[in-house]
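For reference, the structure discussed in these notes is given below.
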Amino acid sequence: MVKEKGMSYGGLPKDYNPWSIENDMVSDKISDIKETLQSLEMGNMGLHHLVDLGKESQKNYPVEDRTEENFIHGCTSYAWIKQINKDPIQINTVSDSVIVSGILYLLEKAFNGEPKSSIVDYDEQELIDDLGLQGTISSQRLRGFGEAIRMMKSE
Numbered sequence: 032m033v034k035e036k037g038m039s040y041g042g043l044p045k046d047y048n049p050w051s052i053e054n055d056m057v058s059d060k061i062s063d064i065k066e067t068l069q070s071l072e073m074g075n076m077g078l079h080h081l082v083d084l085g086k087e088s089q090k091n092y093p094v095e096d097r098t099e100e101n102f103i104h105g106c107t108s109y110a111w112i113k114q115i116n117k118d119p120i121q122i123n124t125v126s127d128s129v130i131v132s133g134i135l136y137l138l139e140k141a142f143n144g145e146p147k148s149s150i151v152d153y154d155e156q157e158l159i160d161d162l163g164l165q166g167t168i169s170s171q172r173l174r175g176f177g178e179a180i181r182m183m184k185s186e
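Residue numbers (my numbering): 32 to 186.
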């Protein structure tokens, strides 16, 4: 067997780290979300996409989970995040505003099914920037998004 330069005996790159895959998967999901939003130019089409995601979120969030425990403080709209499972992450989000519901739904798309450790490394502002939301969504709405991230980390 001839070993290629830079490869381990198992055929994997020497710098391969199987424990870093979880963050790569989340990064890939976040990149896909950002590309989708950028391709829609975050103007009319991007906002329509967030509204569509928000409508879907509103249909799927049980009314009985709109409790104080799940309430996202700091958001200008009424918003909730229900952590169904801590590890792997499984959340359900909603707001009385369809746009905020759509923004929160991006958290579901990025993190549902991922290990809890995948969100611990993310700072709220970094995630907002990585998703391409900075400058296109009002700071009040983003505050609620940041609080939802903090709630996911703390539970």
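Even glycine gets a Cβ: it sits at the ideal position worked out from N, Cα and C.
The Cβ atoms of aspartate 127 and serine 62 lie no closer than 9 Å to each other. A Cβ-Cβ separation of about 6 Å places valine 125 in contact with glutamine 89 under the 8 Å criterion. Distance between glutamine 114 and leucine 84, taken at the CA atoms: about 19 Å.
Contact between isoleucine 103 and methionine 183 does not hold, since their C-beta atoms are separated by about 11 Å, which reaches or exceeds 8 Å.
Rounded to whole angstroms, the gap between the alpha carbons of serine 148 and proline 119 is 9 Å.
It is roughly 28 Å from the alpha-carbon of methionine 56 to the alpha-carbon of serine 170. Within the region 87-164, the complete beta strand (DSSP E) segments at least 3 residues long are 110-116 and 121-126, listed from N- to C-terminus.
Of the residues Asn143, Leu173, Gly105 and Tyr153, the one whose Cα lies closest to the Cα of glutamine 121 is Asn143. Cβ atoms of isoleucine 134 and arginine 172 come within 8 Å of each other, at about 6 Å.
Annotated three-state conformation of isoleucine 64 is helix, per DSSP.
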